[in-house]
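Following: one structure in structure tokens, then a few remarks.
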Amino acid sequence: MEELELIVDVVKQEMNAAIKHLDHAFQKIRAGRASTAMVQDVMVEYYGAPTPLNQVANVMVPDAMTISIQPWDRTAIGAIEKAIINSNLGFAPMNNGENIILNVPPLTEERRRELAKTAKTEAEATKVTVRNARQDGMKELKKQDGVSEDLIKGIEARIQDLTDQYVKACDDHLKVKEAEIMKV
């Protein structure tokens with residue numbers, strides 16, 4: 001019985017991880033407002049080593065349409081600009097000698113639709129991950145010897161219920177993100 005509970009716990013952990021990944025992916029998809037999450041994955045070539053942007057500069061959002069990056073070392077300004085351009089974020093960095101300013105342009109209707117499509121793709125990938133976790137759990141159940149069939153069926157039903165809950169959570173997250181993206 002303890003092994004069966006462990007299987008259910010592992011499946012639940014995998015599904016939780018999938019939802020966390022979805023949330024992280026949705027943070028990167030901008031919805032018209034500037035956010036520090038937009039540049040959190042930018043890697044800067046700093047003294048020969050790729051370094052996350054937030055470890056070489058202070059990243060702030062002074063207003064809804066601007067991201068301000070203040071490097072701790074002024075010699076890194078060029079490397080930060082280059083990293084932003086190479087990251088394909090669609091921003092043109094402006095440098096005033098001390099700070100780098102990124103103006104976040106308002107989203108066009110076409111771009112909003114593209115972002116909504118990207119969000120939908122991320123949600124579908126998360127659903128696949130959730131279903132794979134279910135499948136892995138079911139395979140583990142089949143490997144169990146000396147356990148009554150009724151007990152196995154009960155655990156399978158619990159895993160299916162978890163799957164349904166997490167798929168619904170993916171859909172709910174997607175609805176919220178799509179509404180956020182399409183809101184002008």
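Position 164 (the sequence shown) corresponds to 164 in UniProt numbering; numbering is contiguous.
Cβ coordinates follow ideal geometry from the N, Cα and C atoms, glycine included.
Cross-strand partners of T66 (DSSP beta bridge): D63, N103
Nearest-angstrom beta carbon gap, A133 and V11 [assumed within contact, 8 angstroms]: 5 angstroms
Close-in-space but distant-in-sequence residues of the same chain around K120 (CB under 7 angstroms, 5 per side omitted): L174
G78 versus T108: straight-line alpha-carbon distance, rounded: Going by the C-alpha atoms only, they are around 30 angstroms apart.
For Y47, the three-state DSSP class (helix, strand or coil): Coil at Y47, not helix or strand.
Helix, strand or coil at M138 according to DSSP, with G and I counted as helix: helix
Simplified DSSP state of M94, which is helix, strand or coil: Three-state DSSP puts M94 in a strand.
As assigned by DSSP and simplified to three states, the class of A37: Helix at A37.
Residue span of the alpha helix (DSSP H) that contains N16, given as start and end: 2-28
A57, DSSP secondary structure in three states: strand
Cutoff 6 angstroms; reference I152; Cβ partners in own chain excluding five residues on either side: L141
Exposure of M38, with buried meaning 16 or more beta-carbon neighbours within 10 Å: buried
Inter-residue spacing [alpha-carbon to alpha-carbon] between L162 and D145: 24 angstroms
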